[in-house]
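Each residue of the sequence shown is one higher than the one before, counting from 40 in our numbering. Heads up, the beta-carbon is just placed ideally off N, CA and C, and yes, glycines get one too. Nothing here was measured: the structure is a model prediction, and the numbers come from that model.
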Amino acid sequence: LTRENIITLLKRALADAERGLGNYNVTASDEALEHLAEVCDGDARRALTALEVGVMSQAAEAGDAKSAGIIFDIAGAQDSIQQKVIAYDSAGDMHYDAASALIKSMRGSDPQAAVYWLAKMLEAGEDPRFIARRVAILASEDIGNADPRAISIAAAAYQITERVGMPECRITLSQAVIYMACAPKSNASYRAIAEAMDDVKNNRTMPVPIHLKNAPHPGMAKLGYGKDYRYSHNYPGGVSPDQDYLGVDKQYYIPTDRGYEKHITAYLEFVDKLRTKAEQSEGESS
40 LTRENIITLL KRALADAERG LGNYNVTASD EALEHLAEVC DGDARRALTA
90 LEVGVMSQAA EAGDAKSAGI IFDIAGAQDS IQQKVIAYDS AGDMHYDAAS
140 ALIKSMRGSD PQAAVYWLAK MLEAGEDPRF IARRVAILAS EDIGNADPRA
190 ISIAAAAYQI TERVGMPECR ITLSQAVIYM ACAPKSNASY RAIAEAMDDV
240 KNNRTMPVPI HLKNAPHPGM AKLGYGKDYR YSHNYPGGVS PDQDYLGVDK
290 QYYIPTDRGY EKHITAYLEF VDKLRTKAEQ SEGESS
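Printed below as a string of structure tokens:
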């Protein structure tokens, strides 16, 4: 909304006896209303809440609240717009809008925007543990193995935030938020588990291959449990050849070409070459 739109809404609230402040004897200066409209960042609810807080705080100090003359001037506007309750409602739209902006700024690799939204949330009185949880989720969902350190940093930030609290944990959260924003991005882990869980939920399930089953006592071994399992460390490159771990040809995890996942891609290609070489050797020997 524009400044003019918000000023109009504020004036309506002052005149509305049923849903607004019309039952109170309020004289609001144009300067005060303009200030609220200017600093509320286009958020009409924030401006309206500030007006209500400013009026009601004066009314509470008066003996007869509704008949007392209340002057809402620039000083009152400046004071009310700075109160935590105004800028933020932890159960309302502002709470979720700011959290969304923070997450999308980190995902979008913009540390300047990310640290601003962090500051806005903290200044508004947001629970820092809520922010730390959002950072931890993003570390796996949007960074993943493109930078495996991100999840450790997020976990450490959550622990420190929980143990230290505000105001000191603001620095820890700032460091974590900036790190996430500057880290290479990958949602490959998120996509992998989403697809695998979809298969499981829709009964596209596979039994555990018998050579992978545990055989804690001789009876199970006689049934073939664990037979022909190949211990990877006994083979070149630490890769067991021709070992089926799933039972079907399915690829859930597809690493990106960003960050550490480039090295993961190279390693998986190395594994495939070892297995291909082993298969060729077995074919020649047979």
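Backbone CA spacing between residue i and residue j [nearest angstrom]
i: N62; j: E162; result: 32 angstroms
i: D69; j: K301; result: 60 angstroms
i: A158; j: C79; result: 16 angstroms
i: Q151; j: E100; result: 42 angstroms
i: T304; j: P187; result: 14 angstroms
i: D311; j: E165; result: 49 angstroms
i: K123; j: A233; result: Any reading at K123 needs caution, since the residue's pLDDT is 46, under 50, leaving its predicted position unreliable; the model's value is listed next. Between K123 and A233, the C-alpha separation is close to 39 angstroms.
i: A54; j: L90; result: 13 angstroms
i: R58; j: A140; result: 31 angstroms
Simplified DSSP assignment, three categories, for residue i
i: A67; result: strand
i: G61; result: coil
i: G276; result: helix
i: I110; result: strand
i: T244; result: coil
i: Q396; result: Because the chain spans 40 through 325 in this model, residue 396 falls outside it and cannot be assessed.
i: I46; result: helix
i: L285; result: coil
Distance CB(residue i)-CB(residue j) smaller than 8 angstroms
i: A317; j: P280; result: yes
i: A83; j: I45; result: yes
i: F111; j: T66; result: yes
i: A31; j: A222; result: Within the shown structure, residues of the chain are numbered from 40 to 325, placing residue 31 beyond reach of any answer.
i: A344; j: Y299; result: With the chain running from 40 to 325 in the structure shown, residue 344 is simply not present.
i: G265; j: N253; result: yes
i: A137; j: I217; result: no
Close Cβ partners of residue i (< 6 angstroms) along its chain, the five nearest in sequence each way excluded
i: G81; result: L40
i: T295; result: S225, A227
i: R269; result: S279, Q282
For residue i, the nearest candidate out of the options (CA to CA)
i: G115; options: L72, A171, C221, Q214; result: L72
i: L75; options: N64, I113, E57, D55; result: I113
i: P246; options: L285, R230, Y229, K266; result: L285
i: A231; options: E180, K312, V94; result: E180
i: P248; options: L262, D238, E165, I190; result: L262
i: G108; options: G276, L60, I182; result: L60
i: S271; options: D288, R243, L313; result: L313
Cβ-based neighbour list, residue i, same chain, cut-off 8 angstroms, excluding 5 preceding and 5 following
i: P167; result: L161, T200, G204, M205, C208, R209, L212
i: Y197; result: R168, A171, R172, V174, A175
Residues near residue i by beta carbon distance below 7 angstroms, same chain, minus five either side
i: L177; result: I142, M145, R146, M219
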